[in-house]
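K.L.:
In this note's numbering, the protein residues as written are 4 to 333.
Below, the structure written as structure tokens:
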């Protein structure tokens with residue numbers, strides 16, 4: 004009889020073959036749920052709703068450092084993004100470069116979230132703007148947030164204000180109460196509250212005029228493609244059924260292969276139709292960044308270093324203390 008596990012993830016081309024049943028882990032019957040990441044992480048950290056789930060890497064590190072051993076990481080990485088390149092600012096704020104963020108009022112859904120962790124790390128190491136140089140305003144209420152579930156306290160020297168319930172990042176950006184936001188979420192879920200379309204508003208602009216070019220610059224310089232979310236499994240399940248760790252890993256590998264094949268087929272169609280320049284086709288045919296510790300060690304260790312530097316964890320966590328032992332060689 005198969006091991007029956009509940010699993011929750013966001014909608015993602017790399018993981019849909021798992022969610023829609025095209026890929027089934029050997030010996031495991033999955034009961035899937037599609038949940039927005041913001042809500043999912045809060046539910047997992049607060050209530051432990053699912054056996055296997057997507058998880059914020061920053062929150063996983065913080066929970067582990069605080070002795071919360073309910074979860075163990077799987078080196079399966081669902082989202083990666085150059086989040087620092089997506090900073091939005093008010094046009095009338097006279098913020099023209101990252102250095103201009105010093106002393107400014109900056110919105111963030113949640114200070115500890117991985118997108119904010121990476122953005123602050125890049126701002127400090129690439130542009131000399133430290134977390135203490137900005138005033139942060141958090142949107143998520145403690146009762147419905149990762150920090151509330153973990154017991155987060157602001158790091159020494161960092162100014163963090165709570166956005167009141169009747170306001171949100173979007174409304175405060177439009178009113179001028181905030182001058183920038185380092186991450187912005189409008190997807191409906193139980194945690195985030197903003198609804199305004201800042202990306203297309205006349206009063207708002209991206210800090211980096213060409214976000215794609217900034218992401219390319221950063222990657223070429225550092226070799227880092229930031230990981231935001233990974234997967235976790237209940238530690239008790241990993242201990243009782245250690246074989247399940249690699250069976251899940253192999254299933255996600257197969258799902259990624261399907262997603263990559265479909266992406267290449269889609270790129271070929273668009274190229275044939277003249278909808279993409281030739282050089283774009285070569286990039287789109289390049290395999291997606293792989294799962295596993297070995298291929299991602301530098302990225303993961305940098306995230307652990309940033310977490311410690313920013314006062315979220317008392318030390319840079321060793322990867323062996325975060326991920327399942329059975330998957331450390333992958």
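Backbone N, C-alpha and C define an ideal beta-carbon position, used for all residues, glycine too.
For residue 175, which three-state DSSP category applies?
P.N.:
Note: residue 175 maps to helix in three-state DSSP.
K.L.:
Quick one: what's got a C-beta closer than 7 angstroms to residue 316's C-beta in the same chain, skipping five residues either side?
P.N.:
The residues are 64, 65, 68, 310.
K.L.:
Would you please state the rounded distance, in angstroms, between the beta carbons of residue 162 and residue 139? I believe it to be under 8 angstroms.
P.N.:
Contact holds; Cβ gap of about 6 angstroms.
K.L.:
If you reduce the DSSP assignment to three classes, tell me which class residue 138 lands in.
P.N.:
Strand.
K.L.:
Suppose the cutoff is 6 angstroms on Cβ atoms and the five residues either side in sequence are ignored; what does the same chain contact list for residue 160 look like?
P.N.:
The residues are 135.
K.L.:
Could you check whether residue 195 and residue 41 sit closer than 8 angstroms to each other, using their CB atoms as the reference points?
P.N.:
Contact: yes.
K.L.:
Nearest to residue 242 by alpha carbon, out of 121, 330, 226?
P.N.:
For residue 242, the nearest C-alpha among the options comes from 330.
K.L.:
Closest by CA to residue 183, which one among 146, 97, 77?
P.N.:
It is 97.
K.L.:
What are the boundary residues of the beta strand (DSSP E) that residue 231 is part of?
P.N.:
It spans 230 to 237 - the beta strand (DSSP E) in which residue 231 sits, taken as one unbroken run.
K.L.:
Is the beta carbon of residue 234 sitting closer than 8 angstroms to the one on residue 26?
P.N.:
Cβ distance not < 8 angstroms, so residue 234 and residue 26 don't count as in contact.
K.L.:
Please look up how many angstroms separate the CB atoms of residue 166 and residue 109, rounded, as I've assumed it's under 8 angstroms.
P.N.:
Not a contact, Cβ separation roughly 12 angstroms.
K.L.:
Look at the alpha carbon of residue 9 and the alpha carbon of residue 74, and state the distance between them as a whole number of angstroms.
P.N.:
Roughly 14 angstroms between the two C-alpha positions.
K.L.:
What does the alpha-carbon distance come out to for the pair residue 197 and residue 4?
P.N.:
About 45 angstroms.
K.L.:
Can you confirm whether the region 75 to 90 touches the region 320 to 330 when touching is taken to mean that 3 or more C-beta pairs between the two stretches lie within less than 8 angstroms?
P.N.:
Taking 8 angstroms as the limit for Cβ pairs, the verdict is that the region 75 to 90 does touch the region 320 to 330.
K.L.:
Who are the near neighbours of residue 295 in its chain, counting only those whose CB is closer than 6 angstroms to its CB and skipping five residues on each side?
P.N.:
Result list for residue 295: 78, 333, in chain order.
K.L.:
Taking the alpha-carbon positions, what's the residue 60 to residue 178 distance?
P.N.:
Looking at the two C-alpha atoms, the distance is approximately 33 angstroms.
K.L.:
Residue range of the beta strand (DSSP E) that residue 74 falls in?
P.N.:
From DSSP, the beta strand (DSSP E) with residue 74 extends over 74 to 83.
K.L.:
Would you mind sorting residue 188 into buried or exposed? The rule is 16 or more other CB atoms within 10 Å of its CB.
P.N.:
Residue 188 is buried by the Cβ-count criterion.
K.L.:
Whose C-beta lies closer than 6 angstroms to the C-beta of residue 28 among residues of the same chain, with five residues either side of it excluded?
P.N.:
Around residue 28: 250, 251, 254.
K.L.:
Whole angstroms is fine: what's the gap from residue 84's alpha carbon to residue 236's?
P.N.:
Rounded to the nearest angstrom, the two C-alpha atoms are 23 angstroms apart.
K.L.:
Rounded to a whole number of angstroms, what is the C-alpha to C-alpha distance between residue 62 and residue 217?
P.N.:
Near 26 angstroms, if we compare the C-alpha coordinates of residue 217 and residue 62.
K.L.:
Any idea if residue 143 is buried or exposed, counting beta-carbon neighbours within 10 angstroms, 16 or more meaning buried?
P.N.:
Buried, because 16 or more other Cβ atoms sit within 10 Å of the Cβ of residue 143.
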